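Chains as they are written, first to last, in this note's numbering: chain Y, 2 to 365; chain L, 2 to 365.
Note that the Cβ used here is the ideal one computed from N, Cα and C, for glycine as well.
Nothing here was measured: the structure is a model prediction, and the numbers come from that model.
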């Protein structure tokens with residue numbers, strides 16, 4: 002089927018670019034001692050995760066138990082939940098999955114360690130658990146000091162659990178525009194992690210894993226000498242937000258290219274300089290800003306509503322007719338993917354495959 | 002099941018409040034000659050639409066053919082698509098549905114009228130079509146003058162189509178905060194509609210329907226003497242955005258109450274004044290601002306990420322423990338509903354029903 006025959010709105014994945022992005026990451030990690038465990042909160046799709054694993058990734062990261070279930074159902078065996086899992090229902094699902102797959106989880110609280118231990122014992126498993134430390138993101142995680150050691154000891158002393166390392170991830174740092182500031186934020190994370198690893202060692206606890214890093218900072222973590230694993234997700238698709246990150250030279254971000262687009266149709270041409278497309282907030286996330294119109298610098302996506310986007314045509318000779326199709330570059334790829342059931346995978350001007358987004362809407 | 006046993010994040014519908022909102026709208030419309038055709042882009046749920054119809058609504062509005070299909074599959078017979086439908090695939094689906102149900106659609110372009118006519122003839126139907134006029138929303142719609150008459154005549158002269166009236170809807174006007182400015186925007190819509198109805202009459206075209214109005218302005222349209230139908234949607238649930246609209250007195254909006262909440266759990270308590278909940282952008286729309294924490298004026302939802310929300314506790318004595326559950330009031334109800342598969346319907350402190358959101362993600 003030709004690309005133009007795809008009904009809109011649709012989520013397009015350019016396979017040539019996607020494959021280059023996956024290969025580019027494999028090259029970046031090759032020759033280091035750091036494992037690549039890509040974050041599947043981006044793709045939500047076991048087909049994609051299996052391709053990443055085939056290119057050298059050791060497994061996947063997720064944020065939710067239900068995402069882990071979707072990946073396992075799609076054939077992924079090694080999954081790290083880079084998040085705290087709270088509540089008996091979710092912890093039981095986690096334990097049930099951990100009977101069948103290689104699953105680990107993060108904690109930042111003693112009562113949560115108790116709850117995980119109780120459930121692990123009830124299910125007859127030994128669950129690998131990492132302590133999340135807050136290295137500047139101000140979200141979850143304990144202070145990167147003695148608090149982490151106390152929690153690690155609690156885990157190590159729990160019959161149902163195994164202390165598996167620490168997570169030192171700084172979300173906001175991924176999106177710092179200046180190369181130097183981003184590098185400094187990553188260095189802070191490394192220093193905090195190193196400090197905790199040292200404290201653990203003094204407490205005779207070995208820390209097999211130090212995991213963290215995203216698409217914005219992973220190159221620094223690869224060189225840190227302290228991280229054993231990086232978790233980048235967005236690099237496979239890219240988005241406007243990550244494209245705003247700058248290189249050391251001050252030039253726009255290099256290496257990864259835009260592979261993900263929302264395909265949309267012109268549905269109204271009320272006046273000369275205005276066109277309306279059929280992709281609004283229900284088809285594209287706007288939390289990191291309005292989308293860009295690919296290949297048309299004179300056309301601006303200038304207002305969003307739930308089902309509509311308004312395009313402002315700055316070149317009044319620009320021809321755009323009702324039924325014409327355009328590609329939009331999302332501001333933020335992760336939540337945009339969550340709005341669709343399928344990737345429509347294209348190569349050149351042909352549709353090559355449909356990949357189901359089976360962890361779409363996995364909230365639990 | 003008690004409410005506290007619901008796993009989170011979940012979409013809670015308070016049935017007592019919902020029923021009061023539906024009854025309040027029925028009362029507002031009763032005694033007028035104006036039909037109520039609620040917009041189902043809000044609920045995306047035939048169970049809810051059938052309840053609105055049982056309380057006097059003449060049918061439903063939708064924005065997409067796939068939404069119309071979901072409502073029809075759920076037992077709704079009378080559906081108006083308040084939007085332009087473009088492209089052969091979608092128009093064929095529209096025509097197929099119109100063979101079985103009472104479906105109408107809007108247009109703002111001559112080529113689209115041709116395409117609809119061709120498909121209607123191919124399917125052997127006579128499709129009711131309304132001309133959308135732009136009354137100030139600057140989205141779709143023709144100029145509210147002769148252009149509308151030209152299009153109406155084209156429809157009336159098409160063997161597969163029937164001219165069914167005009168749509169005069171102003172989206173941004175719904176959200177104007179000042180009562181007087183909102184009233185003036187509605188009056189402008191009425192004047193434009195009246196002008197077009199007059200032009201049509203001179204062209205010997207009768208205009209059986211003038212449809213428009215939303216939760217923000219419908220009371221003005223009810224009194225306009227020109228609108229025959231109103232299309233409010235959000236009133237059944239309400240949201241922060243609509244609650245910011247003011248009454249004539251300058252007081253906050255009255256009449257409809259908050260019935261829709263996102264139920265969330267505290268999943269991390271890293272420091273005294275910070276709590277992290279498990280509901281981020283994947284569970285609640287933030288396009289109209291961050292959510293409010295219900296019943297806790299001292300707790301602020303201060304930052305969102307995809308899977309997390311950060312709560313800032315302004316009262317440092319506020320007890321919030323890991324596992325505690327809170328209700329969040331969404332900024333914008335329509336796109337929030339789109340993130341869930343079910344309404345968890347509660348009455349008092351018990352779960353009474355689950356209603357499937359069958360038109361969730363209906364993009365086509």
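Checklist entry - Count the other CB atoms within 10 Å of the CB of residue 28 (chain Y); is the residue buried (16 or more) or exposed (fewer)? => result Result: exposed.
Checklist entry - Could one say the Cβ of residue 143 (chain L) lies closer than 8 Å to chain Y's Cβ atoms, at least one of them? => result yes
Next on the checklist: Judging by CA-CA distance, which residue of L:306, L:184, L:22 and L:225 is the nearest neighbour of residue 173 (chain L)?
Outcome noted: Residue L:184 is the option with its Cα nearest to residue 173 (chain L).
Next on the checklist: Against chain L, with Cβ distances strictly below 8 Å, would residue 287 (chain Y) count as a contact?
Outcome noted: yes
Checklist entry - Residue ranges of each alpha helix (DSSP H) run of no fewer than 4 residues wholly in the segment 35-123 of chain L, ordered along the chain? => result 47-55, 66-74 and 89-99
Next on the checklist: Closest to residue 1 (chain Y) by C-alpha separation, out of Y:253, Y:220 and Y:177, would be which residue?
Outcome noted: Because chain Y in this structure spans residues 2 to 365, residue 1 (chain Y) falls outside the shown range and cannot be described.
Next on the checklist: Less than 8 Å between CB atoms is the rule here; does residue 112 (chain L) satisfy it with respect to chain Y?
Outcome noted: The beta carbon of residue 112 (chain L) sits closer than 8 Å to some beta carbon of chain Y.
Next on the checklist: Going by DSSP, what residue range makes up the alpha helix (DSSP H) through residue 20 (chain L)?
Outcome noted: 16-30 is the extent of the alpha helix (DSSP H) around residue 20 (chain L).
Next on the checklist: Taking its Cβ as the centre, do 16 or more other Cβ atoms sit within 10 Å of residue 309 (chain L), making it buried, or is it exposed?
Outcome noted: buried
Checklist entry - Which bits of chain L does residue 323 (chain Y) rub up against, with CB to CB less than 7 Å? => result 87, 110, 112 and 113
Checklist entry - What residues from chain Y crowd round residue 167 (chain L), counting only those whose CB sits closer than 9 Å? => result Result: empty, since nearest Cβ-Cβ is about 15 Å, beyond 9 Å.
Checklist entry - Can you give the beta carbon distance from residue 238 (chain L) to residue 211 (chain L), rounded, assuming they're within the 8 Å contact cut? => result At roughly 26 Å, the Cβ-Cβ gap does not stay under 8 Å, so residue 238 (chain L) and residue 211 (chain L) are not in contact.
Next on the checklist: So, at 6 Å on beta carbons, what are the nonlocal neighbours of residue 325 (chain L) in its own chain, with the 5 sequence-adjacent residues on each side left out?
Outcome noted: 267
Item to check | For residue 337 (chain L) and residue 16 (chain L), the rounded distance between their alpha carbons | outcome: 18 Å
Item to check | Classification of residue 100 (chain Y) by the beta-carbon crowding that lies within 10 angstroms, buried from 16 upward | outcome: exposed
Checklist entry - Terminal residues of the continuous alpha helix (DSSP H) containing residue 228 (chain Y)? => result Run containing residue 228 (chain Y): none; DSSP gives neither H nor E here.
Checklist entry - What residues match up with residue 269 (chain Y) in a beta bridge as DSSP calls it? => result BP columns for residue 269 (chain Y) point to Y:277.
Checklist entry - Considering residue 147 (chain Y), what are the terminal residues of the alpha helix (DSSP H) in which it resides? => result Here the alpha helix (DSSP H) through residue 147 (chain Y) covers 147-157.
Next on the checklist: Is it buried or exposed, residue 274 (chain Y), if we count other Cβ atoms within 10 angstroms and call 16 or more buried?
Outcome noted: exposed
Checklist entry - If you draw a straight line from the alpha carbon of residue 81 (chain L) to that of residue 54 (chain L), how long is it in whole angstroms? => result 14 Å
Item to check | Bridge partners - residue 143 (chain L), DSSP secondary structure assignment | outcome: L:134
Checklist entry - If you compare alpha carbons, which of L:76, L:46, L:343 and L:30 is closest to residue 57 (chain L)? => result L:30
Checklist entry - Using a C-beta to C-beta distance shorter than 8 Å, which residues of chain Y count as neighbours of residue 64 (chain L)? => result 307 and 308
Checklist entry - What are the residues of the segment 328-340 of chain Y that lie near chain L, defined by any Cβ-Cβ distance shorter than 9 Å? => result 333, 335, 336, 339 and 340
Item to check | Which of helix, strand or coil DSSP assigns to residue 163 (chain Y) | outcome: Residue state, collapsed to three classes: strand.
Item to check | Short Cβ contact (8 Å threshold) for residue 70 (chain Y) with residue 38 (chain Y) | outcome: no
Next on the checklist: Counting only Cβ-Cβ distances shorter than 9 Å, please list the residues of the segment 68-88 of chain Y near chain L, keeping chain order.
Outcome noted: 84, 85, 86, 87 and 88
Item to check | Under 8 Å from the C-beta of residue 91 (chain Y): neighbouring residues of chain L | outcome: 8
Next on the checklist: Considering only their Cβ atoms, is the gap separating residue 110 (chain Y) from residue 88 (chain L) smaller than 8 Å?
Outcome noted: no
Checklist entry - Three-state secondary structure (DSSP) at residue 170 (chain Y)? => result coil
Checklist entry - Count the other CB atoms within 10 Å of the CB of residue 283 (chain Y); is the residue buried (16 or more) or exposed (fewer)? => result Its Cβ being crowded by 16 or more others within 10 Å, residue 283 (chain Y) is buried.
Next on the checklist: Does the structure place the segment 351-364 of chain Y close enough to the segment 60-70 of chain Y that three or more beta carbon pairs sit under 8 Å?
Outcome noted: yes
Next on the checklist: I want to verify the contact list: residues of chain L whose CB lies under 9 Å from the CB of residue 182 (chain Y), in sequence order.
Outcome noted: Contact of residue 182 (chain Y) with chain L by beta-carbon distance below 9 Å is absent, the smallest such distance being about 19 Å.
Item to check | Exposure label - residue 193 (chain L); buried when at least 16 CB within 10 Å | outcome: buried
Checklist entry - Distance, Cα to Cα, residue 290 (chain L) vs residue 76 (chain L)? => result Each residue's alpha carbon lies about 35 Å from the other.
Checklist entry - For the beta strand (DSSP E) that residue 337 (chain Y) lies in, which residues bound it at each end? => result For residue 337 (chain Y), no beta strand (DSSP E) segment is defined; the enclosing uninterrupted segment is the alpha helix (DSSP H) at 334-338.
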